[in-house]
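Below: the structure, in structure tokens.
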Amino acid sequence: MTYSQPETNAATVARDPEAIIIAKGVHKRYDNDFHVLKGISLTVNKGEVVVLMGPSGSGKSTLIRTFNGLEPYQEGKIEIDGTEISHNQKGIELIRREVGMVFQQFNLFPHLTILKNVTLGPIHLKGLSQDDAEAQAMELLERVGIAPQANKYPGQLSGGQQQRVAIARALAMEPKVMLFDEPTSALDPEMVREVLDVMRKLAQSGMTMVCVTHEVGFAREVADRIIFLAEGELVTDTTPDKFFNNPEEERIKQFLSQIL
Ligand code: ADP
Ligand code: MG
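Numbering (UniProt numbering), first residue to last: 1 to 260.
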């Protein structure tokens, strides 16, 4: 005898204890009525590294931004570690502390030193003392190889160095999840590796990561899963091996022919 699964929504879905991001049927339209996310459902488990790929304009940035409350959506549900992203300001602020984000443009505060860039969030949002925040920041800057530059300003650092500071700054909030939106796309080629190395180490440390990137070497080596988006739909959610070596969908073959 077979049972058909009833229609469910996130409120009634049995939760996998290891799931940290659960998205169910997420739809988003921009104000001009452009339907950018067309019912995205996915789960990211604790400690997983998921790479999000897809053609330009497919909705990758929009999707990843919904995971930290930067992007409102109209239908569906998103939960981060059991907390639903609700559209009230308090819920969104809570989520932003738990979900770190690194952007293509590093978005450091240009008028603050590297050290201050990293301590600002912990002091103002987490209530750390300046001494504690600085000690933590120096450890993180050490970890990303920027400790000697702690008292410089962002403009005095290379793009790769600034991006590593941006990672340290996000980590200073002790997030449960790190989101990366094309973190190496704005970098000169020789600086891509130093940022990917930091991301690789972070993955090895057990951090849950969702990364939009077209860095195939990184995706093959570090990702547990590749999710491919096209035109606002999730086309596939599979292993790197299957994605790169045995793609079934024509849209994926076409995409790969452009990036490989
Ligand atoms: P990707 O990151 O995959 O390149 P985006 O999520 O940035 O895609 O964009 C997906 C689609 O949504 C694109 O067609 C883009 O033009 C459109 N879009 C992005 N931001 C806005 C906005 N603020 N208003 C209207 N349309 C937008
Ligand atoms: Mg994008």
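Cβ atoms here follow ideal geometry from the backbone N, Cα and C, with glycine treated the same way.
Inset, instruction - Please state whether DSSP places E134 in a helix, a strand or coil. - result: Note: E134 maps to helix in three-state DSSP.
Legend entry - Residue nearest to S41 in terms of C-alpha spacing, selected from A166, L229, L256 and A172: Selected option, being the one with the closest Cα: L229.
Inset, instruction - Give every residue of the same chain whose Cβ lies closer than 6 Å to the Cβ of A19, excluding the five residues on either side of it in the sequence, and list them in chain order. - result: Once the five neighbours on either side are set aside, the close Cβ partners of A19 are T43 and N45.
Inset, instruction - Quick one: residues in its chain with C-beta nearer than 7 Å to the C-beta of P55, no 5 flanking neighbours on either side, listed in chain order? - result: The answer, listed in chain order, is A230 and F255.
Inset, instruction - Kindly examine the ligand MG and report whether one of its heavy atoms sits closer than 6 Å to the Cβ of S61. - result: Correct: S61 has its Cβ closer than 6 Å to the ligand MG.
Inset, instruction - Measure the Cβ-Cβ separation of V102 and M209 and say whether it is below 7 Å. - result: Contact: no.
Legend entry - Separation of V195 from P183, as counted between CA atoms: So the alpha carbons of these two residues sit roughly 8 Å apart.
Legend entry - Alpha-carbon spacing of I22 relative to K77, whole angstroms: Approximately 8 Å, taken between the alpha carbons.
Inset, instruction - Measure how close the beta-carbons of R97 and M173 come, nearest whole angstrom, since I'm counting them as under 8 Å. - result: Correct: roughly 6 Å between the Cβ atoms.
Legend entry - P110 versus G69, G159, T213 and I92, residue with shortest Cα-Cα distance: Of the listed residues, the one whose Cα sits closest to P110 is G159.
Legend entry - Residue environment, S205, which counts as buried when at least 16 other CB atoms sit within 10 Å: It is exposed - the Cβ of S205 has fewer than 16 other Cβ atoms within 10 Å.
Inset, instruction - Give the C-beta separation of M178 and M207 to the nearest angstrom, bearing in mind that I take them to be a contact with Cβ-Cβ under 8 Å. - result: About 6 Å; that satisfies the 8 Å criterion.
Inset, instruction - Note down the Cα distance separating D241 from T83, rounded to an integer number of angstroms. - result: For D241 and T83, the distance between alpha carbons rounds to 33 Å.
Inset, instruction - For S185, verify whether its CB is less than 6 Å away from any heavy atom of the ligand ADP. - result: With a cutoff of 6 Å, S185 does not count as near the ligand ADP, since its C-beta is closer than that to no heavy atom of the ligand.
Legend entry - C-alpha distance - T12 paired with E79, whole-angstrom precision: Model confidence at T12 stands at a pLDDT of 46, short of 50, so the residue's coordinates are unreliable; what they give is reported in the following sentence. Going from the Cα of T12 to the Cα of E79 covers about 13 Å.
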